[in-house]
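Trainee: For the record, the sequence lines run as chains A and B.
Be aware that the first sequence starts at 752, since it is given in the numbering used here, and climbs by one per residue.
Be aware that the second sequence starts at 703, since it is given in the numbering used here, and climbs by one per residue.
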Amino acid sequence: MDTILASLPYLLEPSILIAAMIGVTWGILGGAMPGISPSITMALLLPFTYTMEPTAAIVLLASTYIGAEYGGSVPAILIRTPGTNAAAATVLDGYEMNKQGKAGLALGISLYSGFIGSMIGLALLMLLSKPLAGVALAFTPPAYFALGILGLSVIATLSGDSLVKGLIAALLGLMVATVGTDPVTGSNRFTFGSSDLLGGIEPVMIMVGLFAMSELLAQASKRDDINKIRSRPKIEFPGRHLAKRLIRPQLLGAGIGSFEGVMPGAGGTIASFMSYNEARRWSSKPDEFGKGSPEGIAAPETANNAVAETALVPLLSFGIPGSNSTAILLGGFLIHGLQPGPMLFQRSADVISGLYAGLFVAIVGMVVMGLAMLPICIWMVNRPRPYLNAFILALILSGIYSIHGSLFDVGIMLTAGLVGFFMRILRFPFLPTVLGLVLGYLVESNFRRSLVLSGDDYTVFTNDWISLGLLTVAALFIAGSIIKRAAAAWRRDERAAFSEGSEG
Amino acid sequence: MITRDAVGGLAAIGLGACYLYFASQMRASSLADSFGPQGMPLVYGWLMLGLGVVLVLQWLVATSRSSSETRQAAHADAWRGQGRKILRAGGLFGLAAAYLPIVQTLGYLPSMALLTFAVALYLGAPLTWRPVAIGIGGAIVLWLIFVQLLGVPMPRGILSAFGL
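Quick look at the structure:
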């Protein structure tokens, strides 16, 4: 209740209202563009947030995430091409409804379910974040070091097919984090005499390069045409009877989405497909799934929108970004000198209250802008890619330059883009690199401070109960992931042996 | 059969070795703690090197277990069209990199118009009035946003006399 009361005054703050509406509008547009993920949509905005007031800047980025989750369903339903990965499950029944001439209703179900999922997600975010961060005052340097290790342990689940590749990607981020002034002695490291590198490399340059610039390079290398939207549907919300039928899949979607959002590394795509499967399992009309079932849209759309809010729980409480989008949001916090984690609720409670209010405005704004923006989304999706990508490149170059008025920064971003492009080709994941980059300083500085304070006694990390607990959880996280991978590899080997044998 | 894993592993070994070399060149200050400013970099460097070796070893084991036909098919499949893709991406990267020296000479507005026009053409837009209009229009929109609205002092060049 206190959390709600603290957030109420921010609902009348013009900067919060404007940031939320701009963010959700930008998010819907970005999400609707196939190939432009929520994280890229957010990364494009990052440079603009430098000049903004911190709360409005965070609201802008978080609202973009919410808008993008709905925006992704627009091309999924209209051209069978999901605008975001999380909207892939919506294609199954959304496009079928479109073929049956019910595109407006499909979009209405998506928007309505997104609203429900977001509201439930926001309620859980407000309920869970503060208690989880309540242990803040007990945190010591060893505990902060252990928190960083716990954050890095998420890499075990984010590494895709190869854990080794995920670890290499994380080390790349950790290496970049060592550039600049040493956190304990103040001596220069890897600056090669350049004054531009003395302050280190800011995560925003690397994030924009890895996510947005490398995507442009990847799209330039493909040059394939995308489908155009021919129809001009109008959004139609479900009637009372249909809304009643959608309650069960929406509750399933909200439950699964909230759980997956709180778990670092799970994400909206897994939540969408899981809730789609569960909705089919529990439906009274399972045969309709895949043939244009409204429930097949309601469940995944509720789930991926619930994820957009609950994914902020580990970020706000522990400073651990569990997805690309929350990593970009973490970048937004860092730009303004705010370190998400246990102390954020103590030192910057106003930012948190403003964020909650901004998210509420963004969710309501999503419905309003979702209705208003549909024709613009259709127009944008139909624009020729060469012009759109040329403009995005110009926007990225201008945005990065505007941060410090430095062409050196632009060079760093371009280099990160090139590295990201080759990481895509060699199939290295990005998120571990971002995690290494943003957690590198936290891990190193607190590790060394702990040793200085304890007189080089390494047991300081096991004597502190919070540190011990976090390190144990990290170890369990890594062990669980390795066991899961080993079991999956063993099953694959068995299948491979059988198929080779049968072919032979 | 050189796979993506092999290339990734070799790149990690190269990067780890270079990073280790520079980390080992750091001088420890008399004020340094026992771990020192070079402590973490040395750990990261060795880990990168080690993981690169693991990736290469994984590739060698996988190669030795597969038949030569499978290897050839996998090789062809893994790298088909990649050279062309890299060249195309390299072209866009070159245009973006060329913007850096050009913007210092021409200034923000003309170089942004030039960049947008050139990139649109490079990405496949036909040479008509549209890429020209979008180049000029896009540059003006960005100039209005960044210079006029946000007050960012963008690089000034040949048009500085006109206040642009």
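The beta-carbon is built from N, C-alpha and C at its ideal position, and this holds for glycine as well.
Just checking: is the beta-carbon of Met856 of chain B within a distance shorter than 9 Å of some beta-carbon in chain A?
Mentor: yes
Trainee: Along the stretch 1110-1137 of chain A, what residues have a CB closer than 9 Å to any CB found in chain B?
Mentor: Pro1135, Arg1136, Pro1137
Trainee: Under 6 Å Cβ to Cβ from Leu722 of chain B, same chain only, skipping five residues before and after it: list those, please.
Mentor: Gly747
Trainee: With 16 other CB atoms within 10 Å as the buried threshold, where does Met752 of chain A fall?
Mentor: With a threshold of 16 other beta carbon atoms within 10 Å, Met752 of chain A falls short and is exposed.
Trainee: Any contact of the stretch 1079-1096 of chain A with the stretch 842-856 of chain A, i.e. 3+ C-beta pairs under 8 Å?
Mentor: no
Trainee: Starting from Arg940 of chain A, follow its DSSP beta bridges and name the residues at the other end.
Mentor: A:Gly931
Trainee: Taking its Cβ as the centre, do 16 or more other Cβ atoms sit within 10 Å of Asn1214 of chain A, making it buried, or is it exposed?
Mentor: exposed
Trainee: Does Leu802 of chain B come within less than 9 Å of chain A when only Cβ atoms are used?
Mentor: yes
Trainee: Please check if any C-beta of chain B sits within less than 9 Å of the C-beta of Ser945 of chain A.
Mentor: For Ser945 of chain A, the answer is no, since every Cβ of chain B falls outside 9 Å of its Cβ.
Trainee: Report the neighbours of Gly796 of chain B on chain A: residues whose CB is nearer than 8 Å to its CB, in chain order.
Mentor: Those do not exist, as Gly796 of chain B stays about 10 Å from chain A at its closest Cβ, beyond 8 Å.
Trainee: Within 9 Å (strictly less), CB to CB, does Leu762 of chain A reach chain B?
Mentor: no
Trainee: Nearest CA to the CA of Arg786 of chain B: which residue from A:Ser1023, A:Tyr1209, A:Lys973?
Mentor: A:Lys973
Trainee: At 7 Å on the CB atoms, spell out the chain B contacts of Phe1212 of chain A, in chain order.
Mentor: None at all; the shortest Cβ gap to chain B is about 13 Å.
Trainee: Among residues of its own chain, excluding the 5 on either side of Ile838 of chain B, which ones have a beta-carbon nearer than 6 Å to its beta-carbon?
Mentor: Ala815
Trainee: The alpha helix (DSSP H) that contains Gly950 of chain A, what's its start and end?
Mentor: Taken as a continuous stretch (DSSP letters only), Gly950 of chain A belongs to no alpha helix (DSSP H), as it is neither H nor E.
Trainee: CB of Val825 of chain A to nearest heavy atom of the ligand SAH: below 8 Å?
Mentor: What this structure holds is no ligand at all, so the ligand SAH is not there to describe.
Trainee: Give a yes or no on whether 9 Å exceeds the smallest Cβ distance from Ser1253 of chain A to chain B.
Mentor: For Ser1253 of chain A, the predicted model reports a pLDDT of 33, less than 50, meaning its position is unreliable and no value from the coordinates is stated.
Trainee: Quick check: what's the CA-CA separation for Gly872 of chain A versus Pro826 of chain A?
Mentor: 24 Å
Trainee: Which runs of the alpha helix (DSSP H) fall wholly inside the stretch 1016-1085 of chain A and span at least 4 residues, in chain order?
Mentor: 1018-1033, 1046-1061, 1063-1069
Trainee: Going by DSSP in three states, Thr807 of chain B sits in which element: helix, strand or coil?
Mentor: In this structure, Thr807 of chain B counts as helix in the three-state DSSP scheme.
Trainee: In angstroms with no decimal places, state the Cα-to-Cα distance between Phe737 of chain B and Arg1199 of chain A.
Mentor: 7 Å
Trainee: Below 7 Å on C-beta distance, what does Ser1153 of chain A contact in chain B?
Mentor: Simply Phe848, Leu852, Val854.
Trainee: Hey, does Asn1140 of chain A have any beta-carbon neighbour from chain B nearer than 9 Å?
Mentor: yes
Trainee: Report the neighbours of Phe962 of chain A on chain B: residues whose CB is nearer than 7 Å to its CB, in chain order.
Mentor: Here the premise fails: no neighbours, minimum Cβ distance about 15 Å.
Trainee: For Asp1160 of chain A, which three-state DSSP category applies?
Mentor: helix
Trainee: Note down, in chain order, each residue of its chain lying with its Cβ closer than 7 Å to the Cβ of Ser938 of chain A, except the 5 sequence neighbours on either side.
Mentor: none
Trainee: Run through DSSP, which three-state label would Asn836 of chain A get?
Mentor: helix
Trainee: Please classify Gly859 of chain A: is it buried, with 16 or more other beta-carbons within 10 angstroms of its beta-carbon, or exposed?
Mentor: buried
Trainee: Count the other CB atoms, across all protein chains shown, that sit within 10 Å of the CB of Glu953 of chain A; report buried if there are 16 or more and exposed otherwise.
Mentor: buried
Trainee: Check each residue of the stretch 721-733 of chain B: if its Cβ is closer than 9 Å to any Cβ of chain A, include it; give the result in chain order.
Mentor: Tyr721, Phe724, Ala725, Met728, Arg729, Ala730, Ser731, Leu733
Trainee: In the structure shown, what three-state DSSP assignment does Lys787 of chain B receive?
Mentor: Correct three-state label for Lys787 of chain B: helix.
Trainee: I'd like to know if the stretch 1160-1171 of chain A and the stretch 790-805 of chain B are in contact, where contact means that at least 3 CB-CB pairs between them fall below 8 Å.
Mentor: yes
Trainee: For Ala822 of chain B and Leu1139 of chain A, I'd like the C-alpha separation in whole angstroms.
Mentor: Rounded to whole angstroms, the gap between the alpha carbons of Ala822 of chain B and Leu1139 of chain A is 8 Å.
Trainee: DSSP three-state label for Tyr1209 of chain A, please.
Mentor: Looking at Tyr1209 of chain A - three-state DSSP - the assignment turns out to be coil, as it is neither helix nor strand.
Trainee: Below 8 Å on the Cβ atoms is my guess for Pro833 of chain B versus Ala841 of chain B; work out the distance and round it to an integer in Å.
Mentor: The pair is not a contact, with the Cβ atoms about 12 Å apart (cut-off 8 Å).
Trainee: Nearest to Gly865 of chain A by alpha carbon, out of A:Leu967, A:Ala1005, A:Val915, A:Phe962?
Mentor: Nearest of A:Leu967, A:Ala1005, A:Val915, A:Phe962 to Gly865 of chain A, Cα basis: A:Ala1005.
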